[in-house]
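Each residue of the sequence shown is one higher than the last, beginning at 43 in this note's numbering. Each residue gets a CB set at the ideal place from its N, CA and C atoms; glycine is no exception. Heads up, the thing below is written out as structure tokens.
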Amino acid sequence: MRIAAILREARQYLSAAEIHARLERESAEVSLSTVYRTLEFLRAQGAVSQRTDEAGETTYLSCDGDHHHHAICRGCGRVEDVDCEAIDQFTEDLDQHNGFLLESHSMEFFGRCRACR
């Protein structure tokens with residue numbers, strides 16, 4: 043439960059090692075392998091999103107189960123959810139005009155939040 047709480051409070055992608063370090067600072071005696079197993083469980087439940095960052099490291103973010111996209115600040119790392127209404131229209135147009143039924147997609151937006159501009 044504490045791992046899920048750390049991710050909810052952070053509102054940014056964190057690696058398993060970063061989560062483990064935060065747990066250690068709280069004097070929680072949890073192994074890194076337990077952090078990985080918990081993250082995989084949370085991901086399978088739809089409570090956590092994962093991505094590979096520019097350095098090739100897998101990172102995790104608390105998410106609800108609804109499909110959405112993320113705007114990621116390159117300055118502070120804060121993540122904001124992005125409405126999918128325009129993507130939904132694109133998907134419909136793709137099917138109607140091209141006969142292509144989109145089964146899945148992923149999209150991330152990178153830039154600077156208001157605080158980091």
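Look at H112 here: in three-state DSSP terms it is strand. For V121, the enclosing beta strand (DSSP E) begins and ends at V121 to V124.
One thing to note: R93 has its Cβ within 9 Å of the Cβ of L103.
For R93, no alpha helix (DSSP H) encloses it; the enclosing beta strand (DSSP E) starts and ends at V90 to T94. With 16 or more neighbouring CB atoms inside 10 Å of its own CB, C105 falls in the buried class.
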